[in-house]
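Colleague: Under the working numbering, the very last position in the sequence shown is 1406; numbers go up by exactly one each time.
All residues carry an ideal CB built from backbone N, CA and C; glycine is no exception.
Pasting in a structure now, in structure tokens, and then I'll have a few things to ask.
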Amino acid sequence: MEGWKKLLIFLPLISGSVSGVWSDNSSTVIHVHPGESLQAAIDRASPGTTIVVESGEFRESLVIRQSGIRLIGMGASQRGTILSNEGVDADTGITVTAEADGFELTGFLIRGFHQNGVQLTEVRNYAVTHNRLENNGEYGVFPLACTDGLIVDNIAIGHTDSGLYVGQSSHTRIIHNLVRENFKGIEVENSTDCAVVGNEATGNRMGILVIALDLTPVANTERVIVTRNFVHGNPPAPASPEGAIPWGGILVVGADHVIVSDNLALANRPYGIAVMRLPESLDRFDPERPHLPDGNRILGNIALNNGTTDPDVGGANLFWDGTGEENCWKDNLFVDETGSSSVPPPEALPVCPES
1052 MEGWKKLLIF LPLISGSVSG VWSDNSSTVI HVHPGESLQA AIDRASPGTT IVVESGEFRE
1112 SLVIRQSGIR LIGMGASQRG TILSNEGVDA DTGITVTAEA DGFELTGFLI RGFHQNGVQL
1172 TEVRNYAVTH NRLENNGEYG VFPLACTDGL IVDNIAIGHT DSGLYVGQSS HTRIIHNLVR
1232 ENFKGIEVEN STDCAVVGNE ATGNRMGILV IALDLTPVAN TERVIVTRNF VHGNPPAPAS
1292 PEGAIPWGGI LVVGADHVIV SDNLALANRP YGIAVMRLPE SLDRFDPERP HLPDGNRILG
1352 NIALNNGTTD PDVGGANLFW DGTGEENCWK DNLFVDETGS SSVPPPEALP VCPES
């Protein structure tokens, strides 16, 4: 319960604190212009250096190894600072290693890398804000085993796995981002004490996915808040493989103690907001782990016009597969003019007790 209290207290402060992420208390500033090597500037930078990157296109991939490096571009647009894979043939646009705690990135358009736009591994106290990530293979932003992260006001488009991904991490805030036309818009996987707040997810196969998978060093996903997001028009793929996780708007799969509150989920297929176990077909990979969703609370959401009247497709505004313990629903608006409602029927959804 203590972890919940800390996260809930911190949430109202997030929006006010984001604008101050870039306050400069470093003594060294390096300016990089088009035609100069950005990696060379990074290599000669001491810890705590601010690197201001002027407008223009930089065709290179970058590796950050020093702590406290701040990369500040001139805007995430064609007229701003562009990091491009054209002629580079690199897997990742920016790789941030475990030595690079305190990394900050803002104001870049990052496009065309084969696997990741930005990858961070075992990094603490990082911030990725106000960037645009386009068609970078599998992931736009990919923090793995990181703590105390901010992913704020980014746009992620056209990734074959997740536009914004958080894996095996803790205390990460994903706020005010736009994710569209990815396979998964936002994914929180095997992570704890995270918040997904005020984002828009549209045109993805899955809008927001909170999931606990097998075969990872972190056993579960728990204590995640998903609130005030606009999740709409996330359609299914033409054919879903047998045993795959269903598509939809907001999906809680095998995760525990997730609060899904005050979201707007419209016209997603087949589900608006769903709580379910990990597919049984995956149990054999790690039979000792729990795969059931427990203690999740679905509160005060509007979920309308999700699913379809096509009996071969089905779907619902609210969905629960009946597994897990202490999952509950309260104060949701989910009965629309098409008659779409919930699976199971509303009277079979457990009601959350008074807090």
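Count the other C-beta atoms from every protein chain shown that fall within 10 angstroms of the C-beta of D1140, then say buried if there are 16 or more, exposed otherwise.
Modeller: exposed
Colleague: Using 9 Å as the threshold, is the C-beta distance between L1317 and A1354 below it?
Modeller: yes
Colleague: Report the partner residues of C1197 according to the DSSP bridge assignment.
Modeller: Per DSSP, none; premise fails for C1197.
Colleague: DSSP state of I1120, grouped into three classes?
Modeller: coil
Colleague: Taking only three categories from DSSP, how would you classify A1325?
Modeller: Of the three classes helix, strand and coil, the one that applies to A1325 here is strand, per DSSP.
Colleague: In this structure, what does DSSP give as the bridge partners for Q1170?
Modeller: Beta-bridge pairing links Q1170 to T1146 and F1193.
Colleague: Relative to the alpha-carbon of V1326, which residue among E1339, R1340, V1311 and R1320 has its alpha-carbon at the smallest distance?
Modeller: V1311
Colleague: Would you mind reading off the limits of the alpha helix (DSSP H) that contains L1089?
Modeller: L1089 to D1094
Colleague: Indicate the three-state DSSP secondary structure (helix, strand or coil) for E1398 in the structure shown.
Modeller: helix
Colleague: To the nearest angstrom, how far is it from the Cα of P1194 to the Cα of S1242?
Modeller: Within the model, the alpha-carbon separation for P1194 versus S1242 is close to 11 Å.
Colleague: How is S1074 classed by DSSP in three states: helix, strand or coil?
Modeller: For S1074, the predicted model reports a pLDDT of 41, less than 50, meaning its position is unreliable; a value from the coordinates is still stated below. S1074: coil per DSSP, three-state reduction.
Colleague: Is E1238 near G1218, with beta carbons less than 9 Å apart?
Modeller: yes
Colleague: Applying the 10 Å Cβ sphere with the 16-neighbour rule, what's the burial state of P1412?
Modeller: Nothing about residue 1412 can be read from this structure; the chain reaches only from 1052 to 1406.
Colleague: Closest to I1115 by C-alpha separation, out of F1109, L1156 and N1378, would be which residue?
Modeller: L1156
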